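Asker: Following this message is one structure expressed as structure tokens.
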Amino acid sequence: MDTLVAAENIGASLDALVALLSGQPVVVLTGAGLSTASGIPDYRGPETRRRARNPIRFAEYMASEETRARYWARSMVGWERFSSARPNAGHDALRQMERDGAIEGVITQNVDRLHARAGSERVVELHGALEDTRCLACGELESRHAVQARLRAENPRFSTAPSELAPDGDAEIPAEALAGFVPPSCVRCGGALKPNVVFFGENVRPATLADAYALFDASSVLLVVGSSLAVFSGYRFVRRAKDRGMPVAIVNLGESRGDDLADVRIERDSSDVLPALAGALRCG
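Numbers 45 to 328, taken from the working numbering, label the letters of the sequence shown in order.
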């Protein structure tokens, strides 16, 4: 790593980042740290690391009806707050940089669809989005909002009182509250539903990965924002960049797996750095 910039040195750090990105086609890889300012917690940030929580795994979800019911009960509680989240200054800055021609587009590991809500146009959702659900039997897609309405109708006594929101859009609820919960089924064939996202232990869809690589290949610099890069689906882009001699910049609050490979790293909240970066690139 050539340049490590502490939070108090944002002026010098911004200069280094602007120098790296200016006049180059840039692809941005975003992670959960970008959305924490919108009220969506992450898995591995400074605040959540102290109370680690294991994400749901694909094999468990597929194998157990009880696991699926537990997921949907927690999701029913968490969905109201998750779906009401709005883009923050970091999302808005990336939209502006795209419009200014400062970045080619965004590859995101996030499932909150906040880039689209902010107005970004070229976005590859590496892990899908929680706004969509898919039938495990017939593949039918249904909006998560419609599923929420059916969950309420089929579980009229189940409380959706506000609870602690979890990183993947569900919420913490006591085990005893799960008794008798009815999970949703496909309106077309009656099969089990799954959120249309990549669970841990599941692979990114080949077509999605191809779209991400097309965006990556059209760029000369990789900017990582708000990601610890602990998951290989994101870290692979840093490895690919370094294998090609492509500069890498990281803006993240806390350590990341790619720190030793970064040419510039800023350890500061992305919602502070990105608006300043957008302004500096526009003036430059």
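C-beta: ideal position from N, C-alpha, C; glycine also.
Keep in mind that this is a model prediction, so the values were computed, not measured.
1. Which of the three DSSP states, helix, strand or coil, is assigned to Cys182?
2. Start and end of the alpha helix (DSSP H) containing Gly122?
3. Going by other Cβ atoms of all chains shown within 10 Å of its Cβ, with 16 needed for buried, is Arg114 buried or exposed?
4. Could you check the C-alpha separation between Val168 and Asp255 for me, to the nearest Å?
5. Tell me whether Val231 is buried or exposed, calling it buried when 16 or more other Cβ atoms sit within 10 Å of its Cβ.
6. Within 8 Å, do at least three Cβ pairs link the region 71-85 to the region 133-152?
7. What is the DSSP secondary structure of Asp176, counted as helix, strand or coil?
8. Is it right to say Glu200 is buried, meaning 16 or more other beta carbons lie within 10 angstroms of its own, or is it exposed?
9. Count the other CB atoms, across all protein chains shown, that sit within 10 Å of the CB of Gly77; report buried if there are 16 or more and exposed otherwise.
10. Please list, in chain order, all residues of the same chain as Leu64 whose beta carbon is under 7 Å from its beta carbon, the five residues on each side excluded.
11. Report yes or no: is there a C-beta of chain C within less than 8 Å of the C-beta of Ala193?
12. Taking only the alpha-carbon atoms, compute the straight-line gap between Ala197 and Leu222 and give it to the nearest angstrom.
13. Could you have a look at Thr204 and say whether DSSP puts it in helix, strand or coil?
14. In whole angstroms, what separates the C-alpha of Val241 from that of Glu311?
15. For Ile294, which residues does DSSP report across the bridge?
16. Drop a sphere of 10 angstroms on the beta-carbon of Leu259, count the other beta-carbons inside from all chains shown, and report buried for 16 or more, exposed for fewer.
17. Under 8 Å between the Cβ atoms of Gly245 and Gln153?
18. Which residue from Ser229, Gly122, Thr204, Gly270 puts its Cα closest to that of Gly134?
19. Please determine, among Pro239, Arg118, Leu253, the residue with the shortest C-alpha to C-alpha distance to Ala219.
20. State the start and end residues of the unbroken alpha helix (DSSP H) segment that holds Glu142.
21. By the DSSP assignment, the beta strand (DSSP E) with Val150 in it spans what residues?
22. Work out the CA separation of Ser187 and Arg161 for me, nearest whole Å.
23. If you draw a straight line from the alpha carbon of Val317 to that of Val295, how long is it in whole angstroms?
24. My assumption, with CB atoms under 8 Å, is that Cys233 sits in contact with Ala181. Please give the rounded CB distance.
25. Do you know how far the Cα of Ile151 is from the Cα of Ala251?
26. With a Cβ-Cβ cutoff of 8 Å, do Lys286 and Leu305 count as a contact?
27. Report buried or exposed for Gly289, applying the criterion of at least 16 other Cβ atoms within 10 angstroms of its Cβ.
28. So, Phe243 versus Arg112, is the Cβ gap smaller than 8 Å?
29. Taking only runs of the alpha helix (DSSP H) that begin and end inside the region 186-248, which ones reach a length of at least 4 residues, in chain order?
30. Can you have a look at Cys327 and say buried or exposed, based on whether 16 or more other CB atoms are within 10 angstroms of its CB?
Answerer: Looking at the atomic coordinates:
1. coil
2. 109-127
3. buried
4. Cα atoms of Val168 and Asp255: separation of roughly 7 Å, rounded to the nearest angstrom.
5. exposed
6. yes
7. Asp176 falls in the strand class under three-state DSSP.
8. Rather than Glu, the amino acid found at residue 200 in this sequence is Pro. Exposed.
9. buried
10. So the qualifying residues of the chain are Val265, Pro291, Ala293, Asp307, Val308.
11. The structure shown contains no chain C; it holds only a single protein chain.
12. Computed Cα separation, rounded: 16 Å.
13. Three-state DSSP puts Thr204 in coil, outside helix and strand.
14. 29 Å
15. DSSP lists Val268, Arg309 as partners of Ile294.
16. buried
17. no
18. Gly270
19. Considering only alpha carbons, the answer is Arg118.
20. 133-144
21. 149-152
22. 16 Å
23. 8 Å
24. 5 Å
25. 14 Å
26. yes
27. So Gly289 counts as exposed.
28. Taking 8 Å as the cut-off, the Cβ atoms of Phe243 and Arg112 do not count as close.
29. 188-198
30. With fewer than 16 other Cβ atoms within 10 Å, it is exposed.
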